[in-house]
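Right, one structure below, let's go through it.
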Amino acid sequence: MAGTLGGARGKRGGIVGINVTPFVDITLVLLIIMMVSSTYIVSQALKVELPKTASSDETVSRTYVVTIEQNGSLLFNEEATTIEALGPKLKAIREKEDVNLVITADAAAMHGRVVEVLDTAKIAKITKFAINVDRSKR
Numbered sequence: 460m461a462g463t464l465g466g467a468r469g470k471r472g473g474i475v476g477i478n479v480t481p482f483v484d485i486t487l488v489l490l491i492i493m494m495v496s497s498t499y500i501v502s503q504a505l506k507v508e509l510p511k512t513a514s515s516d517e518t519v520s521r522t523y524v525v526t527i528e529q530n531g532s533l534l535f536n537e538e539a540t541t542i543e544a545l546g547p548k549l550k551a552i553r554e555k556e557d558v559n560l561v562i563t564a565d566a567a568a569m570h571g572r573v574v575e576v577l578d579t580a581k582i583a584k585i586t587k588f589a590i591n592v593d594r595s596k597r
């Protein structure tokens, strides 16, 4: 309850005490939210000028997408390709830059086709990959 009534049984009186527990709970939650959000604000506000060098190794990480359609056909970054042509493309890209590979397969696509793409990526020495899924609940 929010408060307790004073007085004897059966008599109506004023509120003697107020329960402050819900108020304290809400205050602590708001305090935690402010503390967490303030760390993000501080990290964005700090401007650090990095030292410059002529011989730095630039690490480039780019995301590429392999799409497997229901009939088993492949698309590499929305361009039609075959499993045989995918391997050399991935190897050539991997030699130039760090690659993140996202595999998007139709729900009705054959499991074996997905495994072929994963194997091709493994042969091309791509270690960072993800499988795109729909997170909607059934």
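In the numbering used here, the protein residues as written are 460 to 597.
The beta carbon of each residue, even a glycine, is placed where N, CA and C say it ideally should be.
### beta strand (DSSP E) segment containing Thr-540, residue limits
Under the DSSP assignment, Thr-540 falls in the beta strand (DSSP E) whose first and last residues are 538-540.
### Task
Answer with buried or exposed for Leu-489, where buried requires no fewer than 16 other C-beta atoms within 10 angstroms of its C-beta.
With fewer than 16 Cβ atoms within 10 Å of its Cβ, Leu-489 is classed as exposed.
### Task
Could you spell out the range, first to last residue, of the alpha helix (DSSP H) harbouring Gly-571?
Element bounds for Gly-571: 570-582.
### Message
So, with DSSP's three-state summary, where would you put Val-524?
### Response
Reduced to three states, the DSSP call for Val-524 is strand.
### Message
Please state the DSSP three-state secondary structure of Lys-511.
### Response
Lys-511 falls in the coil class under three-state DSSP.
#### Entry: Cα-Cα separation, Asn-530 to Ile-585
Our two residues, Asn-530 and Ile-585, have alpha carbons roughly 25 Å apart in a direct line.
### Query
Who are the near neighbours of Leu-534 in its chain, counting only those whose CB is closer than 6 Å to its CB and skipping five residues on each side?
Closer than 6 Å at the Cβ level, and outside the excluded window around Leu-534, lie Thr-526.
#### Entry: C-alpha gap between Val-576 and Val-592, whole angstroms
Distance from the CA atom of Val-576 to the CA atom of Val-592, rounded to whole angstroms, is 16 Å.
### Query
Terminal residues of the continuous beta strand (DSSP E) containing Asn-559?
Under the DSSP assignment, Asn-559 falls in the beta strand (DSSP E) whose first and last residues are 557-564.
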